[in-house]
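Undergrad: Protein chains in written order, with full-length UniProt numbering: chain A, 1 to 571; chain B, 1 to 571.
Below is one structure. I have some questions about it.
Number of protein chains: 2
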Amino acid sequence: MEEDNAAGPSKKALKKAEAKAKKEALKAQRAAERVATQVSNIELEDDPAKDNYGTTTNPTFSADAEEVELRDLDDSYDGKKVVIRAWLQNSRTQSAKMGFVELRKGGNWTIQGLVLATITGTGAESQLPAEGTPVISRRMVKFITAINPESFIAVEAQVKRPLEPVKSCRISTLELHITKAFVLAAAPPVLGMTMAASSQPVANFSDEEPKAEEEVKKEPEAEGGIPAASMLTHLDNIAMHKRAPVQQAIADIRIEVKRLFRSYLEERRFKEFEPPCLIGAASEGGANVFRLAYFGQEAFLAQSPQFYKQFEIAGGRERVFSIGPVFRAENSNTPRHMTEFTGLDLEMEIKHSYTEVISVLEGVLLHILRGLRERCADEIQIVRSVYPSEDFLLPEPGKEVRLNFAEAQKLLREEGPEEFRNVRDDEDMSTAQEKALGAVVRAKYNTDFYVLDKFPETARPFYAKVDDAGTTVGDNVRVTNAFDFFLRGQEVLSGGQRINDPKELEERIRAKGVDPNSEGIKEYLTTFRQVGVPPHGGGGIGLDRVVAWFLALPSVHLAAFYPRTPKRLLP
Amino acid sequence: MEEDNAAGPSKKALKKAEAKAKKEALKAQRAAERVATQVSNIELEDDPAKDNYGTTTNPTFSADAEEVELRDLDDSYDGKKVVIRAWLQNSRTQSAKMGFVELRKGGNWTIQGLVLATITGTGAESQLPAEGTPVISRRMVKFITAINPESFIAVEAQVKRPLEPVKSCRISTLELHITKAFVLAAAPPVLGMTMAASSQPVANFSDEEPKAEEEVKKEPEAEGGIPAASMLTHLDNIAMHKRAPVQQAIADIRIEVKRLFRSYLEERRFKEFEPPCLIGAASEGGANVFRLAYFGQEAFLAQSPQFYKQFEIAGGRERVFSIGPVFRAENSNTPRHMTEFTGLDLEMEIKHSYTEVISVLEGVLLHILRGLRERCADEIQIVRSVYPSEDFLLPEPGKEVRLNFAEAQKLLREEGPEEFRNVRDDEDMSTAQEKALGAVVRAKYNTDFYVLDKFPETARPFYAKVDDAGTTVGDNVRVTNAFDFFLRGQEVLSGGQRINDPKELEERIRAKGVDPNSEGIKEYLTTFRQVGVPPHGGGGIGLDRVVAWFLALPSVHLAAFYPRTPKRLLP
């Protein structure tokens, strides 16, 4: 799926889309101009309803109306007068006397509003309604239905049950009979991306800047006839991107992942800490690290909180977790990569075996995945309505799948595609192998979540603890007490037991060809020599990936609040 | 206080301290050597108790002993056999037959252990104890009391009530009768900083590297005769720094601040979001911003999440908060400054007035300050035992102090020190003025927490909304709907209403001499033009400062997990 998106639509489709987009824009512009003329023609001074509508930052409402959020409206409000602040999402004119609007708030709560003129007749013939009835003029109806979509407005209205349920709105059994309406913040007549376009699946994830001759936004037509926008257009219209219910739902799911991670660990006596972003050495390999000038020295942006989690253990914190940004200076322009993402990390003392760490990590991930299904059912449904996906298969309790790396490679050789007949037990897996294995495991064990344990030392960093039993695989390569976790065949977590003995650590550092006296490494090693450090292990979860792969999104960029890629730093 | 610390002790005192430190180190070294000799002289093979002690990564214990954490030990364990993993903090030999140890775990939980030889007689005369009694030799007693302090050990023991309470330990009504003891991770014989030194107040906060002739650690003698260490020594011995109960307590308090911040806001429907650290423009002024090479362009580290919080509001998120790192490339080597710190930020839609924002921020800060007193009473006590402070005075509910900036300046002129007789209502305050005002407010209103509102526009950034009433102060300077919050006379929060109208915003950007088409500013302004953005406001709290000033710590560096200063990036 992601390959299709990365490649994008054909040139012909793009040309057609461009032409269509231009036409749409022109049409919208003209409509806006017409409306502007109409509105300016209304002489508000003459209007008996003039105090009941307009554009203001400080509307006054009657004291007896309750301010209420859309999401809180329920049948108990039937017949009550309320004040609602919301986005005007749509409007239409039924007649000169009557108009409809659709209001949206709280991400995804929508309701229908209607406005009906109470002043009968026109011009000199017009008659005010009876005392106590709201004064609503035809001009007021015109004003309200001419408000630019996505403007932020405040209305006073009476809540009533509609004659029949309003299917197009989430709140379908109530509607608002508008008596006052004020624009608090007007959207422009033409939006850079409409709500309809923003609510379509993103058409193209390439973050290449469009070439000069392609400057008109690429918005290939989606199936329903509404043009879909590229990721570039989405990010260039960041507010509209975020207002779409699908992005609201993804953001809510992302927050819930963090909340579930935190609550599970806090219940198990993990304590939060904050690792630094600015560090003094490219400790975990210098290749993909951002460097910056720092008061005459050089500083680096942390690629992971690894060393700092271990310092916390050395410092007697027992069980720690952190949630924060990590950075990779990798020039990879794919829907799988970002230069800044959020790590959910933990580290803990080990009592008897590193499998205690696997159990906590498996526990927290299952808590997250099960928790999302329970708490975010609505949000998942919204995401699926835009990005369809198969149900995420979770293992039954007690039937969690943990495979050793060598077992997994064997499975891939025997049951995977032809091209993986010769994968080795002593070499790391490629992304393609991982995905193929995901399919094999799903078919065999009926789960999209599993653990690969005992990675060969060739595939792990110097701090990974080698298996005590001295097990070897392939060409006499020792295995480690280190593991990866997968969602839908894609890695979301790396972890393992760390070496806590300074002699063993120095030996492994040298064996990996790293200078134990190099900056950063020296200070790391020193900490283990300075004090006794208990046996420990941990893991790091990529938050963006958990969200993206759980929802089977076509790009991890959709899961981020502000995706950072080699070509994208704004907004 | 901080000036004293920044200046540090006199040269003479330092020389004396150096000599003392050298002497102490030598003494410790010799003691360690003696112990090492003793231990190696023990021929373990001969010892009938040899399976009950030693150095191992994988001790085996009897199956009937329960593994328990020190903090969970209560009277219900009296008489039970338990396994405890902990730091050996201290030991002493009572006789050849008997020794005492002090174990520490969970930051600050300590208990006394004793080990008593059950094998009677010596050499050929020795007799094993009766069947069922633990086999403990004199060699085992010697081994245990010779373990280097701060080693991580596991013991099997019977929990018993001591003859009289052990005053030196937090768990004073229970003690451990040790039957097995294994060193899991040995500390070296000489620690770079002892626990006693680490538990003293930091002697010197300067982060200058010591000059060549001063290379011996500066550890001026504290009152109790235990040498205090400089911040340099603390950070160079990061694990020992963290193990001290005072730092454990500060870390626990810091975590609680975040938890209280989050829970208060989540209950009020604020949603978390994650602003980026990497940004494409030095949007809020280029002076104190870190720059880095970014795939052929330049990237910057965010100085605040300001613009991104506003994008969330534009994107329909209503009420948001974030907790994360922010960066200042300020070459300030003071106990008040760091280059990386944690911001607690929020932003919210405004319905009627920006005072709604003040109320939420005042609410969350009071919730934090009151919450700390309730939930962290023990931790606060521990911190005060090292860094004494006056009670933090909180206003009674309903008597919160909000002063306008001009009122505060008047107060300072009239009731403050002589030097501030001429402070102006249209110029920002200095740190010295703030502190002086803190004293005046404390004396007058009996509170260490208060709000200054309506700052003059000269003192605020371009996005600050000017007061609607057109109020001016001093030399015809308009005031803004912007405010600061103070703890003990030191600023911990800046906030206010933001301009949400793009025309007004552009005007203010120009008035502040900023180019509205410069990178970052252009994209910021564009967002307001692209869509209607509701009235909104918010604020940013400095987490490190809240912790430091609430506890009246001599330096904000003590509140951070890994303080980053112009001269300190490691560990």
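Even for Gly, the Cβ is constructed at its ideal location relative to N, Cα and C.
(1) The region 519–539 of chain A: which residues have C-beta closer than 8 Å to a C-beta of chain B, in chain order?
(2) For the beta strand (DSSP E) containing residue 325 of chain B, name the first residue and the last one.
(3) Establish whether the CB of residue 217 of chain B and some CB of chain A are separated by less than 8 Å.
(4) Counting beta carbon pairs with one atom in the region 553–561 of chain A and one in the region 108–120 of chain B, are three or more of them shorter than 8 Å?
(5) In chain B, what lies closer than 9 Å to residue 342 of chain A by C-beta?
(6) Just mark residue 331 of chain A as buried or exposed, buried being the case when its beta carbon has 16 or more other beta carbons within 10 Å.
(7) Starting from residue 177 of chain B, follow the beta strand (DSSP E) in both directions and report where the run begins and ends.
(8) What residues in its chain sit with their C-beta under 7 Å from that of residue 130 of chain A, if we drop five residues either side in the sequence?
(9) Here's the rule: buried if 16 or more other CB atoms are within 10 angstroms of the residue's CB, otherwise exposed. What is residue 67 of chain A?
(10) Shortest alpha-carbon distance to residue 435 of chain A belongs to which of A:408, A:458, A:454?
(11) In three-state terms, what does DSSP make of residue 294 of chain A?
(12) With 16 other CB atoms within 10 Å as the buried threshold, where does residue 419 of chain A fall?
(13) Among the residues of its own chain, which have a CB less than 6 Å from the CB of residue 61 of chain B, if the five just before and after it don't count?
(14) Taking any Cβ of chain A, which residues in the region 156–178 of chain B have a Cβ under 8 Å from it, in chain order?
(15) In terms of residues, what are the limits of the alpha helix (DSSP H) holding residue 172 of chain A?
(16) Candidates B:443, B:81, B:294: which alpha carbon is nearest residue 566 of chain A's?
(17) Starting from residue 487 of chain A, follow the alpha helix (DSSP H) in both directions and report where the run begins and ends.
(18) Candidates B:105, B:248, B:306, B:147: which alpha carbon is nearest residue 499 of chain B's?
(19) By Cβ distance below 7 Å, which residues in the same chain neighbour residue 226 of chain A in space, the five residues on each side in sequence not counted?
(20) Which one of A:264, A:133, A:468 has the shortest CA to CA distance from residue 321 of chain A?
(21) Count the other CB atoms, across all protein chains shown, that sit within 10 Å of the CB of residue 234 of chain B; report buried if there are 16 or more and exposed otherwise.
(22) Residue 622 of chain B lies in the alpha helix (DSSP H); which residues open and close that run?
(23) From the DSSP output, in three-state form, read off residue 230 of chain B for me.
(24) If the cut is a Cβ gap below 9 Å, which residues of chain B does residue 248 of chain A touch?
(25) Below 6 Å CB to CB, which residues in the same chain sit around residue 193 of chain A once its five sequence neighbours on both sides are set aside?
(26) Are the region 143–162 of chain B and the region 86–103 of chain B touching by the rule of at least three beta carbon pairs closer than 8 Å?
(27) Taking only three categories from DSSP, how would you classify residue 433 of chain B?
(28) Checking the sheet assignment: what are the DSSP bridge partners for residue 93 of chain B?
(29) Should residue 398 of chain A be labelled buried (16 or more other beta-carbon atoms within 10 Å of its own) or exposed?
(30) For chain A, is any of its Cβ atoms less than 8 Å away from the one on residue 346 of chain B?
(31) To which residues does DSSP link residue 157 of chain A through a beta bridge?
(32) Applying a beta-carbon distance threshold of less than 7 Å, which residues of chain A neighbour residue 277 of chain B?
(33) Can you find a C-beta in chain A that's less than 8 Å from the C-beta of residue 85 of chain B?
(34) Within 10 Å of its beta-carbon, does residue 352 of chain B have 16 or more other beta-carbons around it, so buried, or fewer, so exposed?
(35) Could you please tell me which residues of the region 550–564 of chain A, in chain order, have their CB closer than 7 Å to any CB of chain B?
(36) If contact means a Cβ-Cβ distance below 8 Å, which residues of the region 279–306 of chain A contact chain B?
TA: In short, the structure shows the following:
(1) 519, 520, 523, 524, 527, 529, 530, 531, 532, 533, 534, 535
(2) Counting from one through the second sequence, the residue named residue 325 of chain B turns up at place 325. Residues 319–327.
(3) Looking up residue 217 of chain B in the second sequence gives position 217. Legend: pLDDT at residue 217 of chain B = 45, less than 50; position of this residue unreliable, value from coordinates given subsequently. No, residue 217 of chain B lies away from the interface with chain A (no Cβ there is under 8 Å from its Cβ).
(4) no
(5) For the purposes of this step, residue 342 of chain A is taken as the residue at position 342 of the first sequence. The contacting residues are 274.
(6) Sequence index remark: in the first sequence, residue 331 of chain A carries index 331 (1-based). The residue in question, residue 331 of chain A, is exposed, as its Cβ has fewer than 16 Cβ neighbours within 10 Å.
(7) For the purposes of this step, residue 177 of chain B is identified with residue 177 of the second sequence, where counting begins at 1. 175–185 is the span of the beta strand (DSSP E), which, as asked, contains residue 177 of chain B.
(8) Taking the first sequence and counting its residues from 1, one reaches residue 130 of chain A at position 130. Contacts found: none.
(9) Position 67 of the first sequence, counted from the start, is the residue given in the question as residue 67 of chain A. Burial call: exposed.
(10) Here residue 435 of chain A is taken as the residue at index 435 of the first sequence, counted from 1. Here the closest residue by C-alpha is A:408.
(11) Taking the first sequence and counting its residues from 1, one reaches residue 294 of chain A at position 294. If DSSP states are grouped into helix, strand and coil, residue 294 of chain A belongs with the strands.
(12) Counted from its first residue, the first sequence places residue 419 of chain A at position 419. Exposed, since its Cβ has fewer than 16 Cβ neighbours within 10 Å.
(13) Counted from its first residue, the second sequence places residue 61 of chain B at position 61. Closer than 6 Å at Cβ, skipping near neighbours: 83, 156.
(14) none
(15) Residue mapping note: residue 172 of chain A aligns to position 172 of the first sequence, counting from 1. No alpha helix (DSSP H) contains residue 172 of chain A, which DSSP labels as neither H nor E.
(16) Within the first sequence, numbered from 1, the residue matching residue 566 of chain A stands at position 566. Nearest of B:443, B:81, B:294 to residue 566 of chain A, Cα basis: B:294.
(17) Numbered from its first residue, the first sequence carries residue 487 of chain A at position 487. Per DSSP, residue 487 of chain A belongs to no alpha helix (DSSP H); it is in the beta strand (DSSP E), 482–487.
(18) On the second sequence, residue 499 of chain B is found 499 positions in, with the first residue counted as 1. Nearest option by C-alpha distance: B:306.
(19) Against the first sequence, residue 226 of chain A aligns to sequence position 226. These residues qualify, in order along the chain: 196, 197, 200.
(20) Mapped onto the first sequence, residue 321 of chain A falls at position 321. Closest option to residue 321 of chain A, Cα to Cα, is A:264.
(21) To locate residue 234 of chain B, count along the second sequence from 1; it is residue 234. So residue 234 of chain B counts as buried.
(22) Residue 622 of chain B cannot be examined here, being either before or after the span of chain B that is shown, 1 to 571.
(23) Residue mapping note: residue 230 of chain B aligns to position 230 of the second sequence, counting from 1. Note: residue 230 of chain B maps to coil in three-state DSSP.
(24) The residue given as residue 248 of chain A occupies position 248 in the first sequence. The contacting residues are 315, 316, 317.
(25) For the purposes of this step, residue 193 of chain A is identified with residue 193 of the first sequence, where counting begins at 1. Contacts found: 229, 233, 237, 240.
(26) yes
(27) Your numbering for residue 433 of chain B matches position 433 in the second sequence. Helix at residue 433 of chain B.
(28) Within the second sequence, residue 93 of chain B is the residue found at index 93, counting from 1. According to DSSP, residue 93 of chain B bridges with B:99.
(29) Numbered from its first residue, the first sequence carries residue 398 of chain A at position 398. So residue 398 of chain A counts as exposed.
(30) On the second sequence, residue 346 of chain B is found 346 positions in, with the first residue counted as 1. So no, residue 346 of chain B is outside the interface.
(31) Sequence index remark: in the first sequence, residue 157 of chain A carries index 157 (1-based). The partner list for residue 157 of chain A (beta bridge, DSSP) reads A:82, A:178.
(32) As a working mapping, residue 277 of chain B is identified with position 277 in the second sequence. By Cβ distance, chain A contributes 277, 325, 340.
(33) Residue numbering aside, residue 85 of chain B sits at position 85 when the second sequence is read from its first letter. Closer than 8 Å to some Cβ of chain A, the Cβ of residue 85 of chain B qualifies, so yes.
(34) The residue given as residue 352 of chain B occupies position 352 in the second sequence. Counting Cβ neighbours within 10 Å, residue 352 of chain B comes out exposed, since fewer than 16 surround it.
(35) 561, 562, 564
(36) 279, 280, 281, 290, 291, 292, 293, 294, 295, 297, 299, 301
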